[in-house]
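Engineer: If you're matching them up, the sequences are chains D and A in order. So the first sequence is numbered by my numbering: it starts at 592 and just counts up by one. So the second sequence is numbered by my numbering: it starts at -12 and just counts up by one.
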Amino acid sequence: RKEVEQDPGPFNVPEGATVAFNCTYSNSASQSFFWYRQDCRKEPKLLMSVYSSGNEDGRFTAQLNRASQYISLLIRDSKLSDSATYLCVVNSLTGNQFYFGTGTSLTVIP
Amino acid sequence: DGGITQSPKYLFRKEGQNVTLSCEQNLNHDAMYWYRQDPGQGLRLIYYSQIVNDFQKGDIAEGYSVSREKKESFPLTVTSAQKNPTAFYLCASIHQGSGHQPQHFGDGTRLSIL
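1) Name, in chain order, the residues that DSSP records as bridge partners for N682 (chain D).
2) Out of D:Y661, D:V641, D:Y642, D:W626, which one is the CA nearest neighbour of T635 (chain D)?
3) Compute the distance between the beta-carbons of N682 (chain D) and H91 (chain A), then report whether it is under 7 Å.
4) Quick one: measure Cβ to Cβ for I81 (chain A) and R0 (chain A), integer angstroms, because I've assumed they're closer than 8 Å.
5) Can you tell which of D:L665, D:V604, D:A608, D:T615 has its C-alpha closest to the C-alpha of S659 (chain D)?
6) Is there a Cβ from chain D that is less than 7 Å from the Cβ of G50 (chain A)?
7) Between S621 (chain D) and chain A, is there a C-beta pair that is closer than 7 Å?
8) I'd like to know if the segment 10 to 23 of chain A and the segment 669 to 676 of chain D are in contact, where contact means that at least 3 CB-CB pairs between them fall below 8 Å.
9) List the DSSP bridge partners of L697 (chain D).
10) Give me the DSSP bridge partner(s) of K57 (chain A).
11) Could you please give the first and the last residue of the uninterrupted beta strand (DSSP E) stretch that includes A611 (chain D)?
12) From the beta carbon of P635 (chain D), is the nearest beta carbon of chain A less than 7 Å away?
13) Taking all protein chains shown into account, decide if T693 (chain D) is buried (16 or more other Cβ within 10 angstroms of its Cβ) or exposed.
14) Taking Cβ positions only, does T685 (chain D) come closer than 7 Å to chain A?
15) Using the Cβ count rule (16 or more neighbours within 10 Å means buried), how would you classify I666 (chain D)?
16) My output table needs one value for R97 (chain A): the three-state DSSP class, helix, strand or coil.
Here it is in structure tokens:
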């Protein structure tokens, strides 16, 4: 079983739509969770960390559900510039290793 | 500005040749990582190092070697034993001991076979 699993998509949504991605992880002892954004042929860039209480940054909301072992990312009022691949990342208990999902592709359509 | 610098941006390897990818960081980070990314796939860990002169194999270390002689440098050598080296290689670093922090990435090296 993979450490982290994501729906690869693609998600094609119109501008202004709300879209949500989920990511499941297998190790219940995992401690830290992150969402990264990766543009085509570029390096991943941190979008936001995911805290137990949930957190929001503008149009982006991240949530953690430890009981069901998944994290989610909600994007409201989608912009064309949101088109990218979104990677969920889980940090091991020791903090030494990071496990990456395969990414979810989002295209926002005019 | 502090950051992670990878070079070269593009690299071509001939059959039987070893090539070395550079990764330098001036963030004073303790741990450094090398990942490989293939199209449509997630990042896979090749090697990581938590302190100078020490490193551990990741999930796909075969055909690769690393060194960590200085805190700021973590070069990756793709040896001729790696039969399918074409991929996007990413270096990352993190400052340990400050809770669980996210990784910072360099802008990657694209390696292709000639």
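From the three backbone atoms N, C-alpha and C, an ideal C-beta is built for every residue, glycine too.
Structural biologist: Considering the structure as presented:
1) As a working mapping, residue 682 (chain D) is identified with position 91 in the first sequence. According to DSSP, which records beta bridges pairwise, N682 (chain D) is partnered with D:S623, D:F689.
2) Along the first sequence, one-based indexing puts residue 635 (chain D) at 44. The sequence given here places Pro at residue 635 (chain D); Thr does not occur at that position. Closest by alpha carbon: D:W626.
3) The residue you call residue 682 (chain D) lines up with position 91 of the first sequence. The residue you call residue 91 (chain A) lines up with position 104 of the second sequence. No, they are not a contact pair.
4) Numbered from 1 along the second sequence, position 94 holds the residue referred to as residue 81 (chain A). Numbered from 1 along the second sequence, position 13 holds the residue referred to as residue 0 (chain A). Incorrect: roughly 29 Å between the Cβ atoms, too far for contact.
5) Reading the first sequence from its first residue, position 68 is the one you call residue 659 (chain D). The shortest C-alpha separation from S659 (chain D) is found at D:T615.
6) Taking the second sequence and counting its residues from 1, the one referred to as residue 50 (chain A) is at position 63. By this cut-off, G50 (chain A) is not an interface position.
7) In the first sequence, the residue the question calls residue 621 (chain D) occupies position 30. Output row for S621 (chain D): interface = no.
8) no
9) In the first sequence, residue 697 (chain D) corresponds to position 106, counting from 1. Partner(s): D:F602, D:A675.
10) As a position in the second sequence, residue 57 (chain A) is number 70, starting the count at 1. In DSSP, K57 (chain A) forms a bridge with A:S60.
11) By one-based count along the first sequence, residue 611 (chain D) stands at place 20. Residues 610 to 616.
12) Numbered from its first residue, the first sequence carries residue 635 (chain D) at position 44. Yes, its Cβ sits closer than 7 Å to a Cβ of chain A.
13) Taking the first sequence and counting its residues from 1, the one referred to as residue 693 (chain D) is at position 102. Classification for T693 (chain D): buried.
14) Numbered from its first residue, the first sequence carries residue 685 (chain D) at position 94. Not an interface residue.
15) For this step, residue 666 (chain D) is matched to residue 75 along the first sequence. So I666 (chain D) ends up on the buried side.
16) Residue numbering aside, residue 97 (chain A) sits at position 110 when the second sequence is read from its first letter. In the structure shown, R97 (chain A) sits in a strand (DSSP, three-state: E or B).
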